[in-house]
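In this note's numbering, the protein residues as written are -6 to 412. Quick notes on the structure that follows.
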Amino acid sequence: MHFIPLLAALLAAGPARAWWPGEDKEIYAADGSNLFNNTAIATDSTSKRWLPASGKVRGVNLGSLFVFEPWLAETAWSNMGCAGQASEFDCVSHLGQSQANSVFQAHWGSWITQSDISEMQSYGLNTIRIPVGYWMKEDLVYSDSEYFPQGGLAYLEKVCGWASDAGFYIIIDLHGAPGAQVAQNADTGQNAGSPGFYVDYQYARAETFLSWLTNLIHTTSAFRNVGMIGIVNEPLQNADTVATMRTSYYPAAYSAIRSAESALGVSSSNYLHVQPMNGNWGSGDPKQSLTNQYFMAYDDHRYLKWSGITTSMSSYLHDSCTNNRASDGDTPVIVGEFSLSVPDDVQWTSAWDPSTQQSFYKQWFAAQVLTYEKDTNGWIFWTWKSQLGDYRWSYQDAVAAGVIPTNPANVDANACSGQ
-6 MHFIPLLAAL LAAGPARAWW PGEDKEIYAA DGSNLFNNTA IATDSTSKRW
44 LPASGKVRGV NLGSLFVFEP WLAETAWSNM GCAGQASEFD CVSHLGQSQA
94 NSVFQAHWGS WITQSDISEM QSYGLNTIRI PVGYWMKEDL VYSDSEYFPQ
144 GGLAYLEKVC GWASDAGFYI IIDLHGAPGA QVAQNADTGQ NAGSPGFYVD
194 YQYARAETFL SWLTNLIHTT SAFRNVGMIG IVNEPLQNAD TVATMRTSYY
244 PAAYSAIRSA ESALGVSSSN YLHVQPMNGN WGSGDPKQSL TNQYFMAYDD
294 HRYLKWSGIT TSMSSYLHDS CTNNRASDGD TPVIVGEFSL SVPDDVQWTS
344 AWDPSTQQSF YKQWFAAQVL TYEKDTNGWI FWTWKSQLGD YRWSYQDAVA
394 AGVIPTNPAN VDANACSGQ
């Protein structure tokens, strides 16, 4: 690591800068201090910089903030007046725009607060991934047939500002694509009867969203630590069905982001990383039609709950210790979602009960993150908080339960011994 010679060049103290650990970048707190080695260094206050260093992504998702998943927070959903509604789309239609705006804005202002960001920082985390929907750019919404809450951008800016001040790396992920990328799933923002995303006019709306978001990131101080945009979360796992996504949307999405940066005069060293799902996801080779892969990154999701492997503690530990998530060749890659949850039919049985099996879940968490850090550029747990009363889906609760250490650097280094 050779950051000392930069001192003469980086004189003006300023806010934190975006980084990318997998490419030997560094991260700085609001006071200019280096969060990995605590060596003071100044940063330029007018442009985002990429600084040499090293590290792994260790982060949490902000689930159910801007893309509400009712199963994660049923009490909040009910208190908003959304009980019985399957998704944001349905609830807004049910409540009416004005009332929906009021209750969703109250939710955005309370679900993730500055104290949450401070708590994440105190736990040794360095990254947050924020799921958003295309409807955050409100003029993209069809006013006569689509129903989504309004006013989210101000809250996104506030959360990103807190996270940037705390020195976090930020990934903003397009979780809810126009038309919905999968059917009947609230994490697209709507309980669509069929996936309507895979047509040219919906791709065009997504590309407009990505261009708009890129412009905001590069021109708004609060977004200064956003270093990556996920261009569509968890598309259909059928390579043939989503062929046009790979051949048309992916290159066009990349171009939309780069064109916006070019129009702003952004230097190539300061580009945002463009992130599709990797080949392991099952939607085909994301690089198929990407002739330019500069500052690309790839997203891998690994939920053993739905993996189909034998449901046993030994199988879970073996898989987590040996399954190389970069084996498809899509690099750099981050395991952008994983959890400690197990299949529904066993999750509350005595053998898997989280209240009595803490030692297993502690070992399993360690096994996963050790492997992800060995084989990939890091990991992001799903999710930071929930109302499930189940730490297997809540990083905050798992720390409180002693299952996740107060700093992930302190996981049991021998968790995979014998696997």
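Using N, Cα and C, we set each Cβ at its ideal position, and we do this for glycine too.
Inter-residue distance for S334 and Q340 is about 7 Å (C-alpha atoms, whole angstroms). Apart from the 5 residues on each side of it in sequence, Q351 sits with its Cβ closer than 6 Å to the Cβ of V396 in its chain, given in chain order. The alpha carbon of D83 has as its nearest neighbour, out of G182, T303, L146 and Q98, the alpha carbon of G182. Put simply, of I165, C409, V362 and L88 the residue whose alpha carbon is nearest the alpha carbon of S308 is C409. In this structure, the alpha-carbon of L55 lies about 15 Å from that of I222. The Cβ neighbour count for T342, taken over all protein chains shown within 10 Å, is under 16; the residue is labelled exposed. Shortest Cα-Cα distance from I165 to any of F141, N218 and A185 involves N218.
Scanning the stretch 225 to 266 from its first residue to its last, the whole alpha helix (DSSP H) runs of 4-plus residues come out as 243 to 257.
Here DSSP, grouped into helix, strand and coil, assigns D293 to strand. Proximity of the stretch 180 to 200 to the stretch 259 to 278 falls short of the contact definition, fewer than three beta-carbon pairs being nearer than 8 Å. Per DSSP, I105 lies in no alpha helix (DSSP H) segment and is marked neither H nor E.
With three or more CB-CB distances shorter than 8 Å, the stretch 101 to 111 counts as touching the stretch 142 to 156.
The C-beta of A253 has 16 or more other C-beta atoms within 10 Å across all chains shown, which makes the residue buried. When beta bridges are read from the DSSP output, L167 appears opposite V125. CA-CA distance, Y140 to P398, rounds to 41 Å. DSSP links F331 through a beta bridge to R295. About 16 Å separates the beta carbon of D293 from that of V267, a gap too long to meet the 8 Å contact definition. In this structure, the straight-line span from the alpha carbon of L65 to that of T324 is close to 31 Å. Around F288, the same chain offers Y264 and H266 as residues with beta carbons nearer than 6 Å, after the five sequence neighbours per side are excluded. When S348, D368 and D312 are compared, the shortest CA-CA separation from S320 is found for D368. Boundaries of the beta strand (DSSP E) around V219: V219 to G223.
A Cβ-Cβ separation of about 11 Å leaves P142 out of contact with V60 under the 8 Å criterion.
Within a 10 Å sphere around the beta-carbon of Q78 sit 16 or more other beta-carbons, which makes this residue buried. Residue state for N273 is assigned as helix, using DSSP reduced to three classes. For the 8 Å CB-CB criterion, A156 and P63 do not form a contact.
C-alpha of G126 to C-alpha of E81: approximately 10 Å in a straight line. L229 and I123 have their alpha carbons spaced roughly 21 Å apart. DSSP, reduced to helix, strand and coil, places W357 within a helical segment of the structure shown. Under the three-state reduction of DSSP, F374 is assigned to strand.
For G154, the enclosing alpha helix (DSSP H) stretches over residues G145 to D158. The three-state reading of DSSP puts V392 in helix, counting H, G and I together.
At least 8 Å separates the beta-carbon of L283 from that of Y242. Nearest C-alpha to I250 among F216, T68, L167 and W205: W205. By the criterion of a C-beta distance shorter than 7 Å, L146 is surrounded in its chain by M129, once the five residues flanking it on both sides are discounted.
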